[in-house]
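Beneath this line is the structure, given in structure tokens, with notes to follow.
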Amino acid sequence: MQPNDPTLRSFVDVDPASDFPIQNLPYGVFSTSGTSPRVGVAIGDLVLDLAAIEAEGLLDLGGAKNVFAQPSINAFMALGPKVWSSTRARISTLLRHDHAELRDNSALRQHALLPQKDVALHLPLVVAGFADFYSSKEHATNVGVMFRGKDNALQPNWLHMPIGYNGRASTVVVSGTKVPRPRGQLKPPNVDEPSFGPCKRLDFELELGVVIGQAAPMGGMLTEAQAEESIFGFTLLNDWSARDIQQWEYVPLGPFLGKSFATSISPWIVTREALEPFRVKGPVQDPAPLAYLQQKHAQNYDVQLAVDLKTETMQKPAGITRTNFKYMYWSSVQQLVHHASSGCAMNVGDLLGSGTISGPDKSERGSMLELSWGGAEPLDLGNGVQRSFLDDGDSLTMRGWCQGDGYRIGFGEVEGTILPSV
Ligand code: CA
1 MQPNDPTLRS FVDVDPASDF PIQNLPYGVF STSGTSPRVG VAIGDLVLDL AAIEAEGLLD
61 LGGAKNVFAQ PSINAFMALG PKVWSSTRAR ISTLLRHDHA ELRDNSALRQ HALLPQKDVA
121 LHLPLVVAGF ADFYSSKEHA TNVGVMFRGK DNALQPNWLH MPIGYNGRAS TVVVSGTKVP
181 RPRGQLKPPN VDEPSFGPCK RLDFELELGV VIGQAAPMGG MLTEAQAEES IFGFTLLNDW
241 SARDIQQWEY VPLGPFLGKS FATSISPWIV TREALEPFRV KGPVQDPAPL AYLQQKHAQN
301 YDVQLAVDLK TETMQKPAGI TRTNFKYMYW SSVQQLVHHA SSGCAMNVGD LLGSGTISGP
361 DKSERGSMLE LSWGGAEPLD LGNGVQRSFL DDGDSLTMRG WCQGDGYRIG FGEVEGTILP
421 SV
């Protein structure tokens, strides 16, 4: 049976509402008290320790050794898509309810299957480089209307290429990492001189991160098929944004410090293969992209997304947006093809941010900037709590999942809490 078969069952009990059924098997890096970080996959409420499974000789990694006894998945990704595929199929077999090898080896099971509540989850990859895109037409239009008016909402280049910028790999952090309020130069439109101080318009951006698992040489170009094969998987990504710093600094070279202070990702990387049953066509692209950006296959995915916000005074978080990754105008494949098209080399561990994911409806906006319409319409969180942007102590959580028939391929969550500026 194929690893994506919806009828597969594991000997590990998995709640139908769990993000991590046997059809998912996302990769992460974990440790238990006093042990070194190593690679595992999530199954239900447990983690399968792949370092232990590899040490037991149960995985064929084409002769490579100690692939999983490492604090990142980079060495595994470097082995390439054939090994990704065969390893996922093998792990699926080992976890099946009707396969005895691990199921009936109680010593190994005890040693290699650990409750997720007892492990610490770490940043799962060494991020080689980080680029962030701007590929939701709804988001770009909302921001454009606010900044330039309805008639000039989309810049003339927007419909011709996935617009992006190179961000900072150094401050990509895993879910749960606290985010200190950034500082920077501020010059609101109604003030004559800039000043330096804590950001007053701190925002989130709901995105997916694309993890690149294959290198591409300097000077080359990627086809649609090559780009697709290079994508190892996807994470949730919060591209924290300082709107006031961004607004003053972005002319003419784009975002710099307004985006580089923190980018949070979820700890589990959902493989491209696990998302295969949820592949959908993206929006019609009109005008047709230039030849190098044209794609023959459906390259979007139906991933449902939700964002919750909890302030220090709230007992429970409030849902502030619900949207879907399928709305993206430019696909991850087109972003990668475009990124490499100049001759830019790509590395194992490169991370691409999809760009803020907003949908057509007001309830589907992926940033506070859009939800509060630049602060003009503060969000009502109940009990008299309002927010236009994020305050110190606010906790922001993003979740994502593909809904199958009786199971879901989930991403877990990415959470971050704002600390006061130091
Ligand atoms: Ca962004």
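So in my numbering, spot 364 of the sequence shown is number 364, and the numbers just go up one at a time. Just so you know, even glycine gets a beta-carbon here, dropped at the ideal spot from N, CA and C.
Residue from THR235, PRO115, GLU205 whose Cα sits closest to the Cα of LEU425: Because residue 425 is not part of the residues shown, which for the chain are 1 to 422, the question remains open.
Any non-hydrogen atom of ligand 1 within 8 Å of GLU370 CB: Every heavy atom of ligand 1 is 8 Å or more from the Cβ of GLU370, so no.
Segment limits, beta strand (DSSP E) that includes THR93: First-last for THR93: 81–95, but that is the alpha helix (DSSP H), not the beta strand (DSSP E).
LYS187 CB to nearest heavy atom of ligand 1 below 8 Å: no
CB contact flag (PRO3, VAL270, <9 Å): For PRO3 and VAL270, no; Cβs fall outside 9 Å.
Collapsed DSSP secondary structure at SER241 in the structure displayed: In this structure, SER241 counts as strand in the three-state DSSP scheme.
Residue from GLY149, GLY129, ASP203, ALA288 whose Cα sits closest to the Cα of ALA215: With distances taken between Cα atoms, ALA215 lies closest to GLY129.
Nearest to ALA42 (by Cα), restricted to the options HIS338, GLY374, ALA274, PRO162: ALA274
Among ALA17, ILE22, ASP15, ASP13, nearest to PRO6 - alpha-carbon criterion: ILE22
Contact test: ASP350 Cβ vs ligand 1 heavy atom, cutoff 8 Å: Taken from the Cβ of ASP350, every heavy atom of ligand 1 lies 8 Å or farther away.
Pair within 9 Å by beta-carbon distance, VAL348 and ASN74: yes
Whole-Å CB distance - ARG168 paired with SER260, under 8 Å assumed: 4 Å
The segment 304–321 / the segment 368–381 touching (three or more Cβ pairs under 8 Å): yes
Beta-ladder partner(s) of GLY384, from DSSP: According to DSSP, GLY384 bridges with nothing at all.
Cβ-heavy atom distance, SER241 to ligand 1, below 8 Å: For ligand 1, at least one heavy atom lies less than 8 Å from the Cβ of SER241.
Neighbour-count burial assignment, ASP15, 16 or more Cβ in a 10 Å radius: exposed
With 16 other Cβ atoms within 10 Å as the buried cut-off, status of ARG181: buried
Reduced DSSP secondary structure (H/G/I, E/B, other) of TRP373: helix
For ILE212, three-class secondary structure by DSSP: ILE212: strand per DSSP, three-state reduction.
Closest Cα partner of ASN383 within the set VAL127, PRO317, LEU108, ILE418: Minimum Cα distance to ASN383 is reached at PRO317.
9 Å Cβ cutoff met for GLU56 and ALA120: no
THR93 Cβ short of 8 Å to ligand 1 heavy atom set: no
Own chain residues within Cβ distance below 8 Å of ASP405, not counting five before or after: PRO6
Contiguous alpha helix (DSSP H) assignments of at least 4 residues, all confined to the segment 5–66: For the segment 5–66, the full-length alpha helix (DSSP H) segments reaching 4 residues or more read 50–55 along the chain.
Continuous beta strand (DSSP E) stretch holding GLY144: start and end: Segment 137–148 is the alpha helix (DSSP H) holding GLY144; no beta strand (DSSP E) there.
Residue span of the beta strand (DSSP E) that contains HIS122, given as start and end: 120–122
When LEU379, ALA153, GLN299, ALA291 are compared against ALA227, the one with the closest alpha-carbon: GLN299
Beta-carbon gap between SER136 and SER354 smaller than 9 Å: With a cutoff of 9 Å on beta-carbon distance, SER136 and SER354 are scored as near each other.
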